[in-house]
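In what follows, a structure is listed as structure tokens, so that the remarks can point back to it.
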Amino acid sequence: MTAGPVRVRLHELSCRPDGEEWIVGRLDTGRLVALPEAGKRALDLLGRGLTTAETAERLRAETGEDVDVADFVEALVGLGFVAEVDGRKLPAAPAPAPALARIRPRHVRWLLNPVLPPLLGLLIAAVLLTRPPVPPSYHTLLWSRHGSAVIALGAGYGWALLLLHECAHLLTARATGVAGRMRLGTRLQFLVVQTDISGIELAPRRHRLTAYLAGIATNLAFASAFALATLAVDGTPRRILAALALLSLLPLPFQFLVFMRTDVYFVLQDLLRCRDLYGDGVSYMRHVTRRLLRRARAQADPSRALPAHERRAVRAYSLVLVLGTALCLGFLATVTLPADIALLARSGARLRPGRPVTQWLDSLAVVLALGGVHVLWLRTWWRGRRERHRRP
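Now the structure itself:
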């Protein structure tokens, strides 16, 4: 930026009060920042067309303090909040393309209707009262004597439900004006589909919690509908519907693994009024580890800078983070990886000339499917790592 007073034009920004601060950001990019009252006032004055010098003078008259508005504007430029400086457009990377871009907020506003949660509650209550024949047993999943049919139904419905689960997050956030994007991601050793709804923090709390819980609500709605439908049929259709109901419930325990930033994690973070429960928990545990190792350059406790309520939550969560991560990685090292390696080795050994065609095709399918999942996980993990390092 040039020296001296400048006049800026800001992009369209949204904001909401958050305690003694303001959350300000762009819904199209998901970039957010927490500002004190003086910062929010400076943003308002700049948005009304005042120059940096005029804004600084106005703030000095109102607060009695000198505010470096020029540096403040530099920070806003870095965040991508400034569109023009003295009539000159600033170069900016285009906002990432949202998923399902043709769906506008007005199309899905009904997802925020306060009537929907009670309706879901009534649906679940109807299941509990009628007790449809859906035993929570693996026998329910084995609805057919043909294993290929069981696997096809489980895989096909599992992926369809996963996409519906993520679309529920995306479309509920879209109803608040948040663009939202879906992509593959990793959670420890798990390959997942994740929905980025950065910007939902600008919405009212009820809308935020609705967006966070929309996926779980989708699973419960399908499980309840399929369970009730079993009362109307018999035979194979009943067994299929019972299997679908149970398959709808199977992903839900994963959502309570809050050390992996699942749906329930975001609900917990919001209810505890924490800005970055996971990031602050990681920083605190790094500090504790350095102290335990008695490193000479151990830094001060990063949680000391947090408000008291947030500091207590971060310290408690850090214990859950360490224990949960250790258990997951321990299971990976002792069960999952040995089983995968043994299966790949056995299948690879059978891919030799002279083996029966059926055995050769079976082994090839195992190598391609299992190996492909691991390769996709590595590629997704590496891409996410590079993006985190490039992120300002």
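For what it's worth, this note's numbering labels the leading residue of the sequence shown as 1, then goes sequentially.
Where is the CB? At the ideal position from N, CA and C, for every residue including glycine.
Using the DSSP secondary-structure output, state which residues sit across from D196 in a beta bridge.
Taking the first residue of the sequence shown as position 1, residue 196 is located at position 196. DSSP lists R181 as the beta-bridge partner residues of D196.
Using only CA atoms, which one of G279, D270, P353 lies nearest to L209?
Walking along the sequence shown from the start, residue 209 turns up at place 209. Of G279, D270, P353, the smallest CA-CA separation from L209 is found for D270.
Consult DSSP for V320 and reduce its assignment to one of helix, strand or coil.
In the sequence shown, counting from the first residue as 1, residue 320 sits at position 320. Correct three-state label for V320: helix.
A308 versus V193 - alpha carbon distance
Translated into the one-based positions of the sequence shown, residue 308 becomes position 308. Translated into the one-based positions of the sequence shown, residue 193 becomes position 193. So the alpha carbons of these two residues sit roughly 35 Å apart.
What residue range is occupied by the uninterrupted beta strand (DSSP E) comprising R9?
On the sequence shown, residue 9 is found 9 positions in, with the first residue counted as 1. Note, R9: beta strand (DSSP E), 8-10.
Out of T336, S363, D340, state which residue places its alpha-carbon closest to the alpha-carbon of A349.
Counting from one through the sequence shown, the residue named residue 349 turns up at place 349. That would be S363, whose Cα lies nearest to the Cα of A349.
Thinking C-beta only, is L332 closer than 8 Å to L370?
In the sequence shown, the residue the question calls residue 370 occupies position 370. In the sequence shown, the residue the question calls residue 332 occupies position 332. Going by C-beta atoms, L370 is not nearer than 8 Å to L332.
Let me check one thing: in DSSP terms, what residues is L191 bridge-paired to?
Position 191 of the sequence shown holds residue 191. BP columns for L191 point to T186.
For V69, tell me which candidate among A38, A175, L79 has the shortest Cα-Cα distance.
Mapped onto the sequence shown, residue 69 falls at position 69. Of the listed residues, the one whose Cα sits closest to V69 is A38.
Measure the CB-CB distance between Y317 and L277 and report whether it falls below 8 Å.
Within the sequence shown, numbered from 1, the residue matching residue 317 stands at position 317. Within the sequence shown, numbered from 1, the residue matching residue 277 stands at position 277. Y317 is a Cβ neighbour of L277, given a cutoff of 8 Å.
Give the straight-line distance between the Cα atoms of Y265 and L188, rounded to the nearest whole angstrom.
Along the sequence shown, read from residue 1 onward, the residue named residue 265 stands at position 265. Along the sequence shown, read from residue 1 onward, the residue named residue 188 stands at position 188. Looking at the two C-alpha atoms, the distance is approximately 15 Å.
Are the CB atoms of T380 and L191 within a distance shorter than 8 Å?
As a position in the sequence shown, residue 191 is number 191, starting the count at 1. As a position in the sequence shown, residue 380 is number 380, starting the count at 1. One thing to note: L191 has its Cβ within 8 Å of the Cβ of T380.
Could you tell me which whole alpha helix (DSSP H) segments of length 4 or greater appear in the region 334-373?
Qualifying alpha helix (DSSP H) stretches, in chain order: 337-350.
Top-ranked residue by Cα proximity to T236, from W143, G177, L163:
Translated into positions along the sequence shown, residue 236 becomes position 236. Out of W143, G177, L163, the CA that lies nearest to the CA of T236 is found in W143.
Does the region 63-79 come close enough to the region 28-48 to have 3 or more Cβ pairs within less than 8 Å?
The region 63-79 is in contact with the region 28-48.
Return the chain-ordered list of same chain residues with a C-beta closer than 7 Å to the C-beta of M260, the five sequence neighbours on each side being excluded.
Indexing the sequence shown from 1 puts residue 260 at position 260. In the same chain as M260, and ignoring 5 residues on each side of it, the C-beta atoms closer than 7 Å to its own belong to R187, L188, in chain order.
Looking at the strands, I want to know which residues DSSP matches up with K89.
Along the sequence shown, one-based indexing puts residue 89 at 89. Partner(s): E84.
Tell whether a beta-carbon distance below 8 Å holds between A83 and R275.
Here residue 83 is taken as the residue at index 83 of the sequence shown, counted from 1. Here residue 275 is taken as the residue at index 275 of the sequence shown, counted from 1. Result no, Cβ atoms of A83 and R275 do not sit closer than 8 Å.
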